[in-house]
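Residue numbers (our numbering): 4 to 514.
Note sheet for the following structure.
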């Protein structure tokens with residue numbers, strides 16, 4: 004019996020791949036529900052329901068521009084590239100100058116600094132109507148026993164950076180997979196959304212020795228390997244070479260390959276060279292049987308593809324570095340980092356998340372291992388001026404129970420991603436699963452829930468830990484960032500329902 008069938012899991016549940024056209028689904032479901040609701044309503048009720056329908060369809064328009072088009076509108080990507088030419092050589096060619104950003108209200112995010120009283124029920128000394136309404140709506144829901152013996156909550160108005168609500172906001176807690184938000188923010192900040200991870204084939208001067216060099220792309224697939232083999236074979240045959248010794252290089256990453264959780268269907272050994280995340284069942288997301296030697300398997304597949312292309316790889320490929328004076332004869336680059344971030348968040352992809360942490364480490368000059376990732380991610384987040392007290396980012400995926408973050412930090416990261424001054428972070432928002440429609444929220448919320456289609460949030464699930472952090476549009480049209488963390492939970496399904504109720508309340512709380 005699998006963990007999910009027992010009602011327990013060590014990570015987020017297996018998920019479906021994102022829909023290709025979620026707006027169609029949203030429009031049909033929303034309009035169908037609206038027609039039913041509008042029949043028989045009086046004028047006042049008709050107006051209220053119509054307004055809600057407008058918000059839902061507006062959210063659908065935003066959804067359609069989310070993970071399914073790599074997450075950012077072209078203007079935002081151009082602006083981010085113009086402002087942040089970071090991440091080394093693996094980028095699209097930079098334009099000589101970037102376009103000016105679209106007009107927007109200036110960001111006011113001072114309230115996210117460590118100076119905020121994180122222990123206060125509300126950040127304001129004199130709560131306004133919104134803060135008071137949130138306190139009235141969330142307070143009783145946070146008392147739900149399904150949330151275990153410890154819970155924390157923070158809500159931030161992303162337009163102003165003002166904390167509207169906070170309970171236990173500064174208490175370090177186990178985040179589970181919501182820590183992927185921190186990993187994603189750090190990677191985007193260090194490398195930029197257009198960065199691509201390169202896998203290379205290098206050949207000795209006489210082309211008699213070739214090396215497959217892993218760059219850390221966990222999404223490398225057999226089609227890409229075949230293209231690498233074809234390009235390599237062409238380069239060798241052009242020089243009259245039909246046989247070469249093959250080695251493979253994984254030295255870009257260091258430290259232990261196994262996650263501290265041990266052998267697990269939720270993550271492969273972390274390697275700079277792997278194919279399809281080491282999956283052995285042709286799946287694209289969720290738990291799956293994993294290779295014990297993803298680098299070796301990839302190299303052996305590459306050797307067979309070289310043979311198909313007319314090059315005899317001679318012997319079994321072995322670990323090795325490229326020969327002195329070698330040159331690149333073939334290269335494959337991953338999809339942009341923005342798309343990797345979105346896939347990691349939508350599907351709660353642990354392999355991509357760990358790769359993002361190591362890529363951040365490499366950009367910072369740290370060893371690409373768990374410890375180096377911890378230092379690099381923490382340092383990158385520190386640059387944003389967010390409250391890091393008590394934070395311990397032991398891994399990039401959230402599988403490690405030593406991970407600790409605060410609700411204030413998670414909500415603050417989401418608010419930073421919404422800041423017009425940080426367009427490079429936008430994939431963090433567009434990659435969040437959509438309530439009732441995509442990723443790890445596809446089977447949560449229902450057509451009758453007020454939050455369906457309006458809530459975008461990253462889930463987190465470990466035994467006894469349930470978390471939810473994301474954004475929602477409230478009835479006043481404000482985009483709110485929220486983080487809800489619970490530990491000591493005894494029923495995953497009941498805890499998830501309680502968290503979903505908290506997020507839904509944000510979309511319905513009156514002015």
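Quick reminder that beta carbons are idealized off the backbone N, C-alpha and C, glycines included.
Inter-residue Cα distance where the pair is residue i and residue j
i	j	result
residue 176	residue 275	31 Å
residue 409	residue 257	29 Å
residue 423	residue 244	54 Å
residue 233	residue 495	49 Å
residue 393	residue 174	8 Å
residue 200	residue 355	12 Å
residue 414	residue 340	22 Å
residue 230	residue 327	25 Å
residue 207	residue 310	19 Å
residue 3	residue 262	The structure shown has nothing for residue 3, since the chain only spans 4 to 514.
residue 116	residue 335	With a pLDDT of 45 at residue 116, under the threshold of 50, the predicted position of this residue should be treated as unreliable, though the coordinate-derived value follows. Taking the straight line from one Cα to the other gives about 41 Å.
residue 154	residue 145	7 Å
residue 188	residue 223	23 Å
residue 405	residue 379	17 Å
residue 530	residue 407	Summary: the structure shown does not reach residue 530, with the chain confined to residues 4 through 514, and so no result is reported for it.
residue 466	residue 181	14 Å
residue 425	residue 195	11 Å
residue 329	residue 247	14 Å
residue 267	residue 295	10 Å
residue 132	residue 357	42 Å
residue 389	residue 464	24 Å
residue 254	residue 368	14 Å
residue 396	residue 210	44 Å
residue 444	residue 184	16 Å
residue 138	residue 373	39 Å
residue 136	residue 412	23 Å
Close Cβ partners of residue i (< 6 Å) along its chain, the five nearest in sequence each way excluded
i	result
residue 487	156, 471, 502, 505
residue 252	214, 216, 324
residue 331	203, 205
residue 500	none
residue 171	155
Test item: CB-CB of residue i and residue j under 8 Å
i	j	result
residue 418	residue 431	no
residue 162	residue 215	no
residue 462	residue 351	yes
residue 193	residue 449	no
residue 300	residue 292	no
residue 359	residue 347	yes
residue 236	residue 159	no
residue 438	residue 447	yes
residue 333	residue 238	yes
residue 365	residue 381	no
residue 168	residue 134	yes
Other residues of its chain near residue i: CB distance less than 7 Å, five sequence neighbours each side excluded
i	result
residue 304	225, 228, 278
residue 282	291, 293
residue 306	249, 316, 320
residue 353	14, 269, 270, 400, 402
residue 387	419
residue 308	228, 229, 232
residue 260	272, 273, 274
residue 240	313
Burial state of residue i (16 or more Cβ within 10 Å)
i	result
residue 319	exposed
residue 383	buried
residue 342	buried
residue 265	exposed
residue 385	exposed
residue 398	buried
residue 513	exposed
residue 297	buried
residue 221	buried
residue 451	exposed
residue 197	buried
residue 361	buried
residue 242	exposed
Own chain, CB closer than 8 Å to residue i, minus 5 neighbours either side, in chain order
i	result
residue 498	149, 150, 151, 469, 489, 492
residue 474	161, 417, 421, 432, 435, 458, 459, 460, 482, 483, 484, 485
residue 510	453, 454, 457, 458, 475, 476, 477, 478
residue 508	140, 141, 144
Residues bridged to residue i [DSSP beta-bridge criterion]
i	result
residue 156	170, 487
residue 207	Beta-bridge pairing links residue 207 to no other residue.
residue 176	408
residue 315	246
residue 334	203
residue 473	460, 485
residue 322	251
Neighbour flag for residue i against chain D, beta carbons, 8 Å
i	result
residue 234	The chain inventory of the structure shown lacks chain D, comprising one protein chain alone.
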